[in-house]
Structures are given as structure tokens and as C-alpha cells.
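*Asks:* Have a look at this one before I ask anything.
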Amino acid sequence: MAREANIVVDDKSFAKQLREDLEQALQKDARPVSLNDWNHASLARRSTAWFTYYLVRLTIGLTGLPDKA
7 MAREANIVVD DKSFAKQLRE DLEQALQKDA RPVSLNDWNH ASLARRSTAW
57 FTYYLVRLTI GLTGLPDKA
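Here you go:
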């Protein structure tokens, strides 16, 4: 599952703990996806990945995030 933090915190202790937690999660749970793996994934798996990606983008767009104007 993706983890993302879009916040601004001016606290070195918090930043250090967050970095350690993310690095630990990467070491424990992350796995690389090579181009070869992607090319050999089933059509259903690739379609699900793309659908999910665009659904998340749509959801973010609909939540009314501030314009960049």
C-alpha cells in the first residue's frame, strides 16, 4: 500500500521518526517491479493497476485540492 505525507512540519524529531518509519517500511514491505515483471503481468493485473492509478488521480481532483494559480 502506498504511503504518502503531504504536510509541512517544522520539527526535527518528527521528521527523523517519520524518515525511520518510512525506511523501515521500505525495507520490510517494498518490492521492486521490473519492466520484465510488468510486461509479463496478466492483462487483468495491469488493467487493475492502471484503473486504480487513474481512480486515485480522479479522487484527488474531485476533493478540491488548491489550484496552482
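Here the sequence shown stands for residues 7 to 75, numbered as in the numbering used here. Don't be surprised by glycine CBs; every beta carbon is placed ideally from N, CA and C. Computed from a predicted model, the values in this text were never measured in an experiment.
1. Could you give the distance in angstroms between the alpha-carbon of residue 34 and the alpha-carbon of residue 26?
2. Would you say residue 47 and residue 36 are within 9 Å of each other, going by their C-beta atoms?
3. Whole-angstrom Cβ separation of residue 14 and residue 21, contact assumed at under 8 Å?
4. How long is the line joining the alpha carbons of residue 69 and residue 12, rounded to whole angstroms?
*Replies:* In short, the structure shows the following:
1. On the sequence shown, residue 34 is found 28 positions in, with the first residue counted as 1. On the sequence shown, residue 26 is found 20 positions in, with the first residue counted as 1. Their backbone Cα atoms lie some 12 Å apart in a straight line.
2. In the sequence shown, residue 47 corresponds to position 41, counting from 1. In the sequence shown, residue 36 corresponds to position 30, counting from 1. No, they are not a contact pair.
3. Along the sequence shown, read from residue 1 onward, the residue named residue 14 stands at position 8. Along the sequence shown, read from residue 1 onward, the residue named residue 21 stands at position 15. Their Cβ separation, rounded to whole angstroms, is 11 Å, which puts residue 14 and residue 21 out of contact at 8 Å.
4. Stepping through the sequence shown from its first residue, residue 69 is reached at position 63. Stepping through the sequence shown from its first residue, residue 12 is reached at position 6. Taking the straight line joining both Cα atoms gives about 14 Å.
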